[in-house]
Amino acid sequence: MFGLNLSFVSPILLWALVLLPILWWLLRAVPPAPIRAYFPGILLLLGLKDKETTPDRTPWWLLALRIGALAATIIGFAAPILNPTDVKPSSNNLVILIDSSWASAPDWKQRQEKLTEVLRAADQNNQPTALLTLTDTPQPNVPLQFTSPTASLQRVASLLPNAWRPDYMAWQTYLSAQEGTYDTVWFSDGLEDPNRPDLMNVLADKGSVSVVQNDVPVIALSSPRVEEGDMVAKVTRSFADGVSEITLNAVGPDPNGALQVLGTATGRFAATETDVDLIFDMPTELRNRVKSIAVDNRRSAGAVAVTGDTVQRRKIGIIAPSDQQEGSNLVSDVFYLRKALVPTADVIEVDLKTTLQAGPDVLIFVDIGKLSSTDTDNVLKWVEDGGLLVRFAGPRLAASQIGLREEHPLLPVRLRAGGRSVGGAMSWGSPKTIQDFVEGTSFHGLKVPEDVSISSQVIAQPDPNLADRVVAELQDGTPLVTQKTVGSGRVVLFHVTANAEWSNLPLSGLFVQMFERLAVSTSGTIDEIDDLEGLVWQPEEIIGAFGTVRAVDGLAGVQGEQLATKAVSSELPAGVYTNSGRKAALNVMSNDQDLNRADWPLGTTFLSLGKTSQLFLKPYILIAAFGLLLLDIFASLWLSGKLTKRFVGQMAAVMILASIGIPEKSYAQSDDVLSSIINNTVLGYVRTGDPKVDRASEAGLLGLSTELHRRTSVEPIAPVGVDIETDELSLYPFLYWPMSEGQKPPSDAAVTKLNRFLRSGGMILFDTRDAHLSSAITGGTANGRVLKKIAAQLEIPPLEPVPEDHVLARSFYLMKDFPGRHLGSTVWIEASQAESTKIEGVPFRNANDGVTPVVIGANDWAAAWAIDQNGRYMFPVGRGQAGQLQREYAQRFGVNLIMYVLTGNYKSDQVHVPALLDRLGQ
Amino acid sequence: MNPNLNMSPVSIRKDAENLAHGFAELLADARQLAATISLGSHGRRRAGVGEEFWQYRTAMDTDSIRDIDWRRSARSDAHFVRQQEWQNTQSVHIWADRCASMGFRSDDALPLKMMRANVLALALSILLAKAGEKVGLMDLPDSARQGIGHVDKLASALVQTSPEQDFGVPPKKDMKQGQKAVFISDFLGDWDMIFESLSHAAHQNVDGYIMQVLDPVEQHFPFKGRTVLLSMNGHQKFETLRAQSLREEYQERLIERKAALQQLSKRTGWRYSCVLTNAPATPQLLWLYQALGGKV
């Protein structure tokens with residue numbers, strides 16, 4: 001309509017517009033009220049007759065004004081909506097399915113807005129609604145419950161996507177088991193899944209299905225790989241929508257440890273291509289530091305790939321005795337090592353000192369005997385710092401006599417002099433084979449080739465701790481590989497040589513696998529690690545749905561079998577997993593995975609994800625109609641000559657008062673108010689300028705004041721709103737300061753005043769009121785940021801969470817935590833003095849000498865305390881009995897807090913009373 | 001719009017004095033001009049001049065020999081006639097209408113018609129009194145008197161209004177022949193009564209001066225639309241649905257009324273002027289003064 005996207009809630013009312021012409025005629029016919037005027041020349045008029053019988057007409061502009069006012073009223077009540085939503089009104093039950101997967105993450109905000117819109121529409125139509133996030137696992141025992149859309153609306157803000165795809169199969173099973181019919185709005189992430197059509201069929205049986213889907217392709221990044229010395233990453237999109245540029249950032253720690261973009265790769269999708277390989281042109285030094293790759297400007301777990309060890313080439317220093325004979329490659333000590341390592345690592349073969357300067361990841365000593373004490377110290381220090389020293393035995397080591405008497409720091413075990421040879425020409429017995437690796441050792445799971453045999457070795461001295469250090473042993477039980485931990489590094493000893501002289505181990509594939517297991521060489525992605533099974537992998541870093549890579553600690557380990565499925569789920573989040581120094585990178589998108597656009601059956605209703613910004617014009621139009629009617633009053637008055645200057649003045653005064661006077665209460669501290677504040681205890685709250693918040697604060701403190709009155713001898717009068725810019729703060733012992741987004745930071749003068757207030761014993765309770773959100777969003781909440789901005793200016797001492805023995809927890813009631821309307825957020829107070837120590841027999845430390853000037857929390861206490869004029873609670877707290885209890889605790893916290901404010905550390909001094917009485921000799 | 005009767009003797013005197021103040025120069029001019037035309041006892045006040053003597057002039061054929069001043073004539077060849085100063089003082093009777101219809105103004109910025117009439121009347125009285133003429137009010141029983149002190153009495157009489165009457169009619173006062181009568185009113189009342197009263201004065205052979213004072217609203221009739229018009233006392237009421245359609249007819253009637261007054265003046269040798277309250281008062285006073293002075 002008129003190029004505007006308008007619709008009406010009750011278009012039938014527009015028929016009333018038909019009445020306007022009738023009104024036009026009526027208004028024209030009815031003359032305006034006569035003007036009464038004195039006129040001395042009246043005698044001259046007597047006897048004159050009106051020539052025209054038609055009365056004077058209402059002027060056209062007044063008519064237009066009145067018609068306009070009426071038309072506006074009619075249109076207003078027809079409730080026009082600008083940019084109406086495309087959600088169809090319906091009265092059926094509504095199920096909202098949300099593919100809250102990583103693919104939804106880039107446009108999550110839009111999705112939330114659309115979800116709000118859908119829920120609002122459902123609310124208008126009184127549709128019972130169920131909101132299901134498909135990345136959760138359905139609970140088969142819990143029936144599908146429909147609730148009021150308002151309840152779901154409250155959840156919208158805290159909904160977050162997950163870094164895995166939904167399990168459509170489970171939901172299909174669940175939903176098909178549920179009774180009843182309903183319409184469905186499905187917020188699809190736009191990706192195809194083999195089980196999705198089945199779920200769609202189930203939903204189609206229950207009612208109509210609308211799909212909300214973004215028409216932008218989903219972009220995902222596969223694990224990077226190394227090709228010809230360069231790191232290559234494959235970017236895939238769910239469908240081709242023309243040429244588009246793509247930039248990848250390789251992120252890793254800079255020398256200071258801070259994460260930085262270390263390199264970028266750019267490329268473009270060809271018009272019809274859905275994938276492209278992007279090559280990073282980076283030096284190896286930099287590439288080794290890359291921890292993850294991310295598509296630029298794309299916040300999604302799919303657009304991030306962690307590298308693990310995939311792209312790293314370890315720097316390995318090989319130290320071998322230099323006096324080798326020439327030309328005997330195949331008997332060279334290092335030949336097989338080189339063969340095993342060069343494909344996956346950078347091998348350095350220079351002298352020890354230079355190697356150490358190059359900062360190798362691994363040092364391999366090939367048959368090195370005694371080192372100088374300086375070298376020993378250097379190597380030891382390097383190992384303690386996390387280096388891995390791998391030693392191979394040999395004639396020199398055997399002859400060097402080190403580690404015989406006592407354990408050498410650079411050898412995992414004590415050695416016996418000599419060593420042994422078996423199966424040779426001069427010895428009995430046959431060469432020994434390697435025993436299967438036992439569980440718990442680094443090599444567990446590796447297959448031992450039958451033809452590997454050991455003919456010579458150095459022997460470990462039996463020691464009490466020998467058994468712990470054996471990694472691999474021969475069939476007769478003699479250790480073949482031993483290792484020990486030194487500092488944060490390891491020393492590993494192969495009791496054989498690195499060449500084929502003592503065994504044919506270096507010739508076997510096992511040799512390479514052992515190196516991989518020892519993390520000497522790296523292999524990288526899960527695809528390449530073929531021995532996942534049987535090991536427990538510990539998650540080290542996890543990719544969030546928005547593509548944030550975050551280090552985690554203390555998560556339960558994952559079985560290798562599960563990891564091998566590569567199916568990212570809530571139990572197996574994408575990220576980097578470690579097992580004894582090895583890293584396995586599990587990315588949302590695996591290399592062999594396809595990314596396809598969801599294929600909806602023909603005839604599916606689509607809702608746009610674009611912002612519709614629905615605007616209800618009703619109030620505006622009605623206000624305009626009201627304004628026109630006011631104008632009409634003036635016009636009529638003016639026409640009938642009653643619009644005298646005095647009248648206009650009065651009206652203007654009334655209008656001005658009406659327009660400015662009502663919402664703003666005057667908060668100037670008048671003398672009366674001041675004197676009553678001075679003579680009584682008054683709780684103050686800082687006005688934020690957000691009327692809703694201010695009202696809640698006032699009601700909250702009123703509630704708290706009432707409780708104090710009832711429970712304690714503190715009898716505050718009604719709370720007072722404080723404007724920190726203008727009002728005197730020293731009158732209040734306590735200020736409640738809720739955070740609201742619209743709040744302006746205080747001016748410099750106000751900051752000075754606040755700091756003086758804090759210094760001189762006042763207390764401010766900062767409340768960000770968002771404990772229900774803070775756990776969800778890691779980057780801090782909006783209110784939290786406001787608090788940070790304000791607090792940065794104030795002299796706030798170092799803080800700590802309220803210790804259990806703080807006097808705040810026992811100033812009136814004994815409390816453990818301090819709930820408000822929300823539960824569980826940490827409450828921060830000034831850190832207690834470090835020297836305070838616990839005294840035996842005294843319930844709490846003498847930690848509170850001095851009252852904390854601030855208490856900071858997020859539990860929205862005012863809302864829990866708030867009562868209205870009739871003493872009823874204004875806001876619900878929790879549910880049922882638990883909710884009542886929570887409110888009671890909130891009130892107790894309030895009482896405790898005010899007690900603490902008013903009595904300071906008196907209560908903590910009270911503990912000394914018995915001792916004092918004792919001293920007085922009573 | 002009640003007639004604003006906030007007129008104390010003090011204020012009316014003050015206004016009148018203010019108005020009269022500008023006439024000092026006029027008075028002086030009048031003295032010079034009036035070498036031959038004496039207003040009242042002007043001449044007597046001239047220093048060094050005898051009581052009776054005014055001037056010698058050369059005798060003309062029409063002069064009788066008795067009139068020739070021989071002593072003067074003896075000093076020259078021509079004959080001179082000794083002329084005497086006209087010593088008659090004039091009596092001026094003023095009527096300022098102070099009925100309800102005069103208590104009207106269409107705008108707060110304008111003076112009431114009554115105010116304008118009173119101010120003009122008193123200013124004229126002051127001028128005349130200063131000139132030594134006898135001044136009186138027609139609606140006062142006492143006769144016209146000389147002297148500036150009499151002005152205060154006139155002022156106190158002028159503040160007496162008669163709001164109970166809608167329209168004023170000139171009082172029928174007995175005046176002697178040759179005396180002057182000044183009528184200041186809006187003359188919007190019943191014509192027959194006005195005509196009768198004025199005729200009565202005319203029959204007494206007085207010199208009459210009619211000043212019609214009108215408010216601009218009365219002149220222009222700016223009313224529009226449905227209008228109820230009331231006389232000042234509310235005794236008369238007139239309602240019209242389209243006031244603007246009556247404007248021309250009203251204005252015709254007003255012109256008729258003015259013409260009737262003009263006609264009357266012409267026939268009796270009187271002078272007539274119509275003034276508006278939104279015009280400055282000075283020219284109006286000047287007109288009155290000159291009209292009176294010019295005749296004398």
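Sequences listed follow chains A and B, in order. Under this note's numbering, think of the first position of the first sequence as 1, with each following residue one higher. Under this note's numbering, think of the first position of the second sequence as 1, with each following residue one higher. Where a beta carbon is used, it is the ideal one built from N, C-alpha and C, also for glycine.
Mapping DSSP to helix, strand and coil, what is residue i?
i, result
"H220(B)", "helix"
"N680(A)", "coil"
"V549(A)", "strand"
"S332(A)", "coil"
"S453(A)", "strand"
"L511(A)", "It is Phe, not Leu, that sits at residue 511(A) in the sequence shown. Three-state result, F511(A): helix."
"H150(B)", "helix"
"P738(A)", "strand"
"M60(B)", "coil"
"D672(A)", "helix"
"A847(A)", "In this prediction, A847(A) has a pLDDT of 44, which is less than 50 and means its spatial position is unreliable; what the coordinates show is noted afterwards. If DSSP states are grouped into helix, strand and coil, A847(A) belongs with coil."
"F634(A)", "helix"
"A776(A)", "With a pLDDT of 43 at A776(A), under the threshold of 50, the predicted position of this residue should be treated as unreliable, though the coordinate-derived value follows. If DSSP states are grouped into helix, strand and coil, A776(A) belongs with coil."
"H93(B)", "strand"
"M651(A)", "helix"
"F146(A)", "coil"
"E245(A)", "strand"
"K295(B)", "Confidence at K295(B) is low in this model, with a pLDDT of 38, below 50, so the placement of that residue is unreliable and no value is reported for it."
"G700(A)", "helix"
Starting from the beta carbon of residue i, find every residue of chain B whose beta carbon is closer than 8 angstroms, and list them in chain order.
i, result
"D50(A)", "T240, L241, R242, S245 and L246"
"L62(A)", "What L62(A) touches in chain B: nothing, since even the nearest Cβ is about 12 angstroms away."
"L65(A)", "Near L65(A) there are no residues of chain B at all, since even the closest Cβ is about 17 angstroms away, more than 8 angstroms."
Given residue i, which residues of its chain have a CB within under 7 angstroms of its CB, disregarding the five upstream and five downstream residues?
i, result
"D463(A)", "V413 and R414"
"G921(A)", "none"
"T173(A)", "none"
"Q251(B)", "F221"
Cβ closer than 7 angstroms: which chain A residues qualify as neighbours of residue i?
i, result
"F104(B)", "Y38 and P40"
"F195(B)", "The premise fails here: F195(B) is roughly 14 angstroms from chain A at the closest Cβ pair, so nothing lies under 7 angstroms."
"Q263(B)", "Per Cβ cutoff of 7 angstroms: no residues; Q263(B) is ~17 angstroms from chain A at best."
"E164(B)", "Result: empty, since nearest Cβ-Cβ is about 15 angstroms, beyond 7 angstroms."
Within a Cβ cutoff of 6 angstroms, which residues of the same chain sit near residue i, ignoring the five residues on either side of it in sequence?
i, result
"L389(A)", "L363, V383 and V491"
"R116(B)", "V213 and T277"
"T605(A)", "S210"
State the beta-bridge partners of residue i as determined by DSSP.
i, result
"S245(B)", "DSSP, once it has assigned bridges, lists no residue as partnering S245(B)."
"P80(A)", "F8(A)"
"W186(A)", "L97(A) and V211(A)"
"K49(A)", "Answer by DSSP bridge pairing: none, since K49(A) is not bridged."
"G208(B)", "A181(B)"
Along chain A, which residues have their Cβ under 9 angstroms away from the Cβ of residue i?
i, result
"T282(B)", "Near T282(B) there are no residues of chain A at all, since even the closest Cβ is about 24 angstroms away, more than 9 angstroms."
"L230(B)", "R36, A37, Y38, F39 and I42"
With a threshold of 8 angstroms (Cβ to nearest heavy atom), would residue i be considered close to the ligand ATP?
i, result
"E179(A)", "Of the ligands one can find in the structure shown there are none, so the ligand ATP has no counterpart to examine."
At a CB-CB cut-off below 9 angstroms, which residues of chain B make contact with residue i?
i, result
"L46(A)", "Q236 and F238"
Would you mind telling me which residues of chain A sit closer than 8 angstroms to residue i, beta carbon to beta carbon, in chain order?
i, result
"L254(B)", "G41 and L44"
"Y272(B)", "What Y272(B) touches in chain A: nothing, since even the nearest Cβ is about 18 angstroms away."
**Q.** the region 279 to 296 of chain A / the region 84 to 104 of chain A touching (three or more Cβ pairs under 8 angstroms)
**A.** no
Q) When the Cβ atoms of the region 818 to 833 of chain A are set against those of the region 756 to 775 of chain A, are three or more pairs found closer than 8 angstroms? A) yes
Q | Cβ pair count under 8 angstroms reaching 3, the region 488 to 507 of chain A against the region 328 to 347 of chain A | A | yes
**Q.** Segment contact flag, the region 210 to 228 of chain A with the region 567 to 584 of chain A, C-beta cutoff 8 angstroms, min 3 pairs
**A.** no
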